[in-house]
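Q: Would you mind keeping the following structure in view while I ask a few things?
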Amino acid sequence: MKIASKSLTAEKLVRDALEKAKHYADYNIFTFLDEEGAIARAKEIDTKIKKGEKVGRLAGVPYALKDNFLSPRGETTASAHILQGFTSPITATAVTKLEAEGAIMIGRTNMDAFAHGSSTENSYFGPTLNSHDKERVSGGSSGGSAVSVALDIVEFATGTDTGGSIRQPASFNGIYGLKPTYGCISRYGVVAMASSTDCIGFFTKNPDDMDLLMSIASGQDPKDMTTLPDYYNEESEQKAHYRIGIIKDFDNESVNSEIRTALETKCDLLKSKGHEIVELKMPSLKYALAAYYIIVPAEIASNLSRYDGVRYGFRSKNSEDLDALYNNTRSEGFMPENKRRIMIGNFVLSSGFYDAYFLKAAKARSLIIKEYENAFKKCDFILTPVAPNPAFKLGEKINDPVAMYLEDVMSVPLNLAGVPGLTIPAGETKSGLPLGLQLIGPRRSDKALIKFSKELI
Amino acid sequence: MDIKREDILHLADLSKFALSDKEADSLGKDLDNIIKYISQLDELDTDNIKPTYQVFEMENIWRDDEILEQDAKREDLLALTKEAKNNQIKVPKVL
Numbered sequence: 000m001k002i003a004s005k006s007l008t009a010e011k012l013v014r015d016a017l018e019k020a021k022h023y024a025d026y027n028i029f030t031f032l033d034e035e036g037a038i039a040r041a042k043e044i045d046t047k048i049k050k051g052e053k054v055g056r057l058a059g060v061p062y063a064l065k066d067n068f069l070s071p072r073g074e075t076t077a078s079a080h081i082l083q084g085f086t087s088p089i090t091a092t093a094v095t096k097l098e099a100e101g102a103i104m105i106g107r108t109n110m111d112a113f114a115h116g117s118s119t120e121n122s123y124f125g126p127t128l129n130s131h132d133k134e135r136v137s138g139g140s141s142g143g144s145a146v147s148v149a150l151d152i153v154e155f156a157t158g159t160d161t162g163g164s165i166r167q168p169a170s171f172n173g174i175y176g177l178k179p180t181y182g183c184i185s186r187y188g189v190v191a192m193a194s195s196t197d198c199i200g201f202f203t204k205n206p207d208d209m210d211l212l213m214s215i216a217s218g219q220d221p222k223d224m225t226t227l228p229d230y231y232n233e234e235s236e237q238k239a240h241y242r243i244g245i246i247k248d249f250d251n252e253s254v255n256s257e258i259r260t261a262l263e264t265k266c267d268l269l270k271s272k273g274h275e276i277v278e279l280k281m282p283s284l285k286y287a288l289a290a291y292y293i294i295v296p297a298e299i300a301s302n303l304s305r306y307d308g309v310r311y312g313f314r315s316k317n318s319e320d321l322d323a324l325y326n327n328t329r330s331e332g333f334m335p336e337n338k339r340r341i342m343i344g345n346f347v348l349s350s351g352f353y354d355a356y357f358l359k360a361a362k363a364r365s366l367i368i369k370e371y372e373n374a375f376k377k378c379d380f381i382l383t384p385v386a387p388n389p390a391f392k393l394g395e396k397i398n399d400p401v402a403m404y405l406e407d408v409m410s411v412p413l414n415l416a417g418v419p420g421l422t423i424p425a426g427e428t429k430s431g432l433p434l435g436l437q438l439i440g441p442r443r444s445d446k447a448l449i450k451f452s453k454e455l456i
Numbered sequence: 000m001d002i003k004r005e006d007i008l009h010l011a012d013l014s015k016f017a018l019s020d021k022e023a024d025s026l027g028k029d030l031d032n033i034i035k036y037i038s039q040l041d042e043l044d045t046d047n048i049k050p051t052y053q054v055f056e057m058e059n060i061w062r063d064d065e066i067l068e069q070d071a072k073r074e075d076l077l078a079l080t081k082e083a084k085n086n087q088i089k090v091p092k093v094l
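Chains A and B supply the protein sequences, listed in that same order.
Residue 0 is where the first sequence starts when you use numbering that gives the first Met the number 0, and the numbers rise one by one after that.
Residue 0 is where the second sequence starts when you use numbering that gives the first Met the number 0, and the numbers rise one by one after that.
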């Protein structure tokens, strides 16, 4: 990525990014642009460079922030009506780390409200359009972030991935997107969706940029008790040849033929470089989506109970008593998909249904974890499609929640198991839509995964 | 299972939603489809399998019960609410 120096000022980098953001306004990428603030911070960095002072590894690099990261710059709304008017007094740890290295946030990006969705159509601000075809979805939930990088507005963007929200939009827009190992990057100051699967990650144009961002953002944070002690920056042993697993069980899912061809092409490429392809059987994976849509809504119902209109954000007017205030605020403030997930969550947690749904799903999760552990005894990494189809048309699935959920069938198993996955670009369809594949590794293999992805270029 | 109107209203109550009739109809249909989909887990044999709630099997770690410095000050937090008085947030009557 381009970093500010004496010959290339941070102000120029930031002004160019802002200009491009405005040029592509019709894609509905940003919920907020911080022109004044970004230029002021760029000038501070340029002054330091002029004086010969030390600047960070991301000096003057413009980036886009998904709208669910807390920062006092602009309202943090998670693209939801219920958070309108909320300007955060605190800053997410990930943002603090990036900005300490000189990165400059130019704006906040559009997303499915509370990250509930796979198309960014569930945003209170309307959908973000696909970078390659304006009639198609950008993917989701981090659609705005993906398109901001794909259209080359910014060098990188942040995302969150609870069930594919980084990997799928990266795939739909032809860029790199990483969901790290669970607990690798602090979630302090990020709007919670499902605490046992939520991960922070990035969108970049190449593996080296991803590696740089990971080396900066990863590590233990006393403010997030689920963060792991830093492992990312430890050097891992490099092998000359790797074994790559492909999952046979996915053949029966209705995967688009051009995606299957892209997978075969990449397998041939790996074989030509001396790597071995291993076939895996992972029969529990087909139940991952059902388990996911039990566990995650249960955690959503719990995490989203805090939005009551009392302490921050939107509050419904004219409520007679406190109970009406809660009911009116939540009814007016949440999108239909938020409501579906909260209600499903309360259903699977209800007495009488808890054992049949929530407990059953938690057991299925153990089986899925075991299958990954066994798979990684037979191979170093797994290569699969990210989603069964390339970007679909706007409006195509929005009225059919189950059809929308099925888009996540190949991305959610990783979140249940806590393993990392990296979307890599894999060409385009005949009609010019980007194709992507995901490279999956065992827990804590993030760095090796990013390094190995270069073999697929 | 077929989800009934009264189930939808009960779930709406647990979720603190005031639903219009139209909304209750449409959510009822969606929830019914979703529950049918997730019920396929019945096919999976999970006998003698322990559940997983957290992938790294972390346990609660207790710290001393002392007040730590917080990122946000009381005034910052009170400024976020619609109405505050005497360091308290004002809401409509409770009862």
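Positions of the beta carbon are idealized from the N, C-alpha and C atoms, including for glycine.
If you're wondering where the values come from, they're calculated on a predicted model, not measured in any experiment.
Kindly indicate the opening and closing residues of the beta strand (DSSP E) around Asp407 of chain A.
A: Position 408 of the first sequence, counted from the first residue, corresponds to residue 407 of chain A. No beta strand (DSSP E) contains Asp407 of chain A, which DSSP labels as neither H nor E.
Q: Determine, using beta-carbon pairs with one atom in the region 284 to 291 of chain A and one in the region 45 to 63 of chain B, whether at least three such pairs fall under 8 angstroms.
A: Flag = no, the region 284 to 291 of chain A and the region 45 to 63 of chain B do not touch.
Q: Using only alpha-carbon positions, find the residue among A:Glu43, A:Asp25, A:Ser147 that is nearest to Ala3 of chain A.
A: As a working mapping, residue 3 of chain A is identified with position 4 in the first sequence. Ala3 of chain A has its Cα closest to that of A:Glu43, out of A:Glu43, A:Asp25, A:Ser147.
Q: State the Cα-Cα distance for the pair Pro228 of chain A and Arg14 of chain A, rounded to the nearest angstrom.
A: As a working mapping, residue 228 of chain A is identified with position 229 in the first sequence. As a working mapping, residue 14 of chain A is identified with position 15 in the first sequence. Their Cα atoms are separated by approximately 38 angstroms.
Q: If you measure between the beta carbons of Val385 of chain A and Gln167 of chain A, is that distance less than 8 angstroms?
A: Taking the first residue of the first sequence as 1, we reach residue 385 of chain A at position 386. Taking the first residue of the first sequence as 1, we reach residue 167 of chain A at position 168. Going by C-beta atoms, Val385 of chain A is nearer than 8 angstroms to Gln167 of chain A.
Q: Taking the runs of the beta strand (DSSP E) that are 3 residues or longer, which of them lie wholly in the region 250 to 302 of chain A?
A: Here the runs fully enclosed are 275 to 279.
Q: For Lys47 of chain A, I'd like the list of residues in its chain whose CB is within less than 6 angstroms of its CB, leaving aside the five on either flank, ordered along the chain.
A: Translated into positions along the first sequence, residue 47 of chain A becomes position 48. Result list for Lys47 of chain A: Val54, in chain order.
Q: Might you give, ordered along the chain, the residues of its own chain that have their beta carbon closer than 6 angstroms to the beta carbon of Arg242 of chain A, omitting 5 neighbours on each side?
A: By one-based count along the first sequence, residue 242 of chain A stands at place 243. Same-chain partners within the cutoff: Glu275, Val277, Cys378, Asp379.
Q: Measure the CB-CB distance between Ala16 of chain A and Val153 of chain A and report whether it falls below 8 angstroms.
A: As a position in the first sequence, residue 16 of chain A is number 17, starting the count at 1. As a position in the first sequence, residue 153 of chain A is number 154, starting the count at 1. Cβ atoms of Ala16 of chain A and Val153 of chain A: closer than 8 angstroms.
Q: Which of the three DSSP states is assigned to Asp25 of chain A in this structure?
A: For the purposes of this step, residue 25 of chain A is taken as residue 26 along the first sequence, with counting starting at 1. Helix, per DSSP.
Q: Please report the distance separating the alpha-carbon of Lys280 of chain A from that of Ser256 of chain A.
A: Translated into positions along the first sequence, residue 280 of chain A becomes position 281. Translated into positions along the first sequence, residue 256 of chain A becomes position 257. Between Lys280 of chain A and Ser256 of chain A, the C-alpha separation is close to 21 angstroms.
Q: Tell me which residues share the same chain as Asp307 of chain A and place their Cβ nearer than 6 angstroms to its Cβ, disregarding the 5 neighbours each side in the sequence.
A: Within the first sequence, numbered from 1, the residue matching residue 307 of chain A stands at position 308. Counting only Cβ-Cβ distances below 6 angstroms, and skipping sequence neighbours, we find Tyr325.
Q: With a threshold of 16 other CB atoms inside 10 Å of the CB of Phe451 of chain A, please say whether the residue is buried or exposed.
A: Here residue 451 of chain A refers to the residue found at position 452 when the first sequence is read from its first residue. Under this definition Phe451 of chain A is a buried residue.
Q: For the region 10 to 21 of chain B, list every residue whose C-beta sits within 8 angstroms of some C-beta in chain A, in sequence order.
A: Listed by position, the residues of the region 10 to 21 of chain B near chain A (Cβ gap below 8 angstroms) are Leu10, Ala11, Leu13, Ser14, Lys15, Phe16, Ala17, Leu18.
Q: Could you check if Gly143 of chain A is buried or exposed, using at least 16 other CB atoms within 10 Å of its CB as the buried criterion?
A: As a first step, residue 143 of chain A must be located in the first sequence, where it is residue number 144. Gly143 of chain A should be labelled buried.
Q: Return the residue from the list A:Lys133, A:Gly101, A:Ser140 that minimises the CA-CA distance to Ala79 of chain A.
A: Translated into the one-based positions of the first sequence, residue 79 of chain A becomes position 80. Answer by Cα proximity: A:Ser140.
Q: For a cutoff of 8 angstroms on Cβ pairs, would you count Gln53 of chain B as touching chain C?
A: This model lacks chain C altogether; the protein chains it does include are A and B.
Q: When you compare the CB of Ala360 of chain A with every CB in chain B, is at least one pair closer than 8 angstroms?
A: Along the first sequence, read from residue 1 onward, the residue named residue 360 of chain A stands at position 361. It does: the Cβ of Ala360 of chain A has a partner Cβ on chain B nearer than 8 angstroms.
Q: When DSSP builds the beta bridges, which residues end up paired with Gly176 of chain A?
A: The residue given as residue 176 of chain A occupies position 177 in the first sequence. According to DSSP, which records beta bridges pairwise, Gly176 of chain A is partnered with A:Phe202, A:Thr422.
Q: Closest Cβ-Cβ distance between Lys81 of chain B and chain A: below 8 angstroms?
A: To locate residue 81 of chain B, count along the second sequence from 1; it is residue 82. Cβ-Cβ to chain A under 8 angstroms: yes for Lys81 of chain B.
Q: In the DSSP assignment, find the unbroken alpha helix (DSSP H) run with Arg443 of chain A in it and report its ends.
A: The residue labelled residue 443 of chain A in the question sits at position 444 within the first sequence. First-last for Arg443 of chain A: undefined, no H or E at that position.
Q: Smallest Cα separation from Ser330 of chain A: which of A:Lys222, A:Asp320, A:Gly344, A:Ser315?
A: As a working note, residue 330 of chain A is residue 331 in the first sequence. Checking every option, the nearest Cα to that of Ser330 of chain A belongs to A:Ser315.
Q: Counting pairs of beta carbons, one from the region 167 to 176 of chain A and one from the region 67 to 81 of chain A, are three or more of them closer than 8 angstroms?
A: Touching, no, given that fewer than three Cβ pairs across the two stretches are closer than 8 angstroms.
Q: Among A:Leu436, A:Pro389, A:Asp210, which one has its Cα closest to the Cα of Asn129 of chain A?
A: By 1-based counting over the first sequence, the position of residue 129 of chain A is 130. With distances taken between Cα atoms, Asn129 of chain A lies closest to A:Pro389.
Q: Can you check whether the C-beta of Asn32 of chain B is within less than 8 angstroms of a C-beta belonging to chain A?
A: Counting from 1 along the second sequence, the entry for residue 32 of chain B is found at position 33. Interface residue, yes.
Q: What are the start and end residues of the alpha helix (DSSP H) that includes Lys133 of chain A?
A: On the first sequence, residue 133 of chain A is found 134 positions in, with the first residue counted as 1. Element bounds for Lys133 of chain A: n/a, residue is neither H nor E.
Q: Could you have a look at Val401 of chain A and say whether DSSP puts it in helix, strand or coil?
A: Counting from 1 along the first sequence, the entry for residue 401 of chain A is found at position 402. Val401 of chain A falls in the helix class under three-state DSSP.
Q: Checking the sheet assignment: what are the DSSP bridge partners for Val60 of chain A?
A: For the purposes of this step, residue 60 of chain A is taken as the residue at position 61 of the first sequence. Answer by DSSP bridge pairing: none, since Val60 of chain A is not bridged.
Q: Given a limit of 7 angstroms on CB to CB distance, which residues of the region 307 to 332 of chain A reach chain B?
A: Hits within the stretch, in order: Val309, Arg310, Tyr311, Arg314, Ser318, Glu319, Asp320, Leu321, Leu324, Tyr325, Asn326, Asn327, Arg329, Ser330.
Q: With 16 as the cutoff for other CB atoms within 10 Å, does Lys178 of chain A come out buried or exposed?
A: Taking the first sequence and counting its residues from 1, one reaches residue 178 of chain A at position 179. It is buried - the Cβ of Lys178 of chain A has at least 16 other Cβ atoms within 10 Å.
Q: What are the start and end residues of the alpha helix (DSSP H) that includes Gly332 of chain A?
A: The count along the first sequence starts at 1 and reaches residue 332 of chain A at position 333. First-last of the alpha helix (DSSP H) with Gly332 of chain A: 321 to 332.
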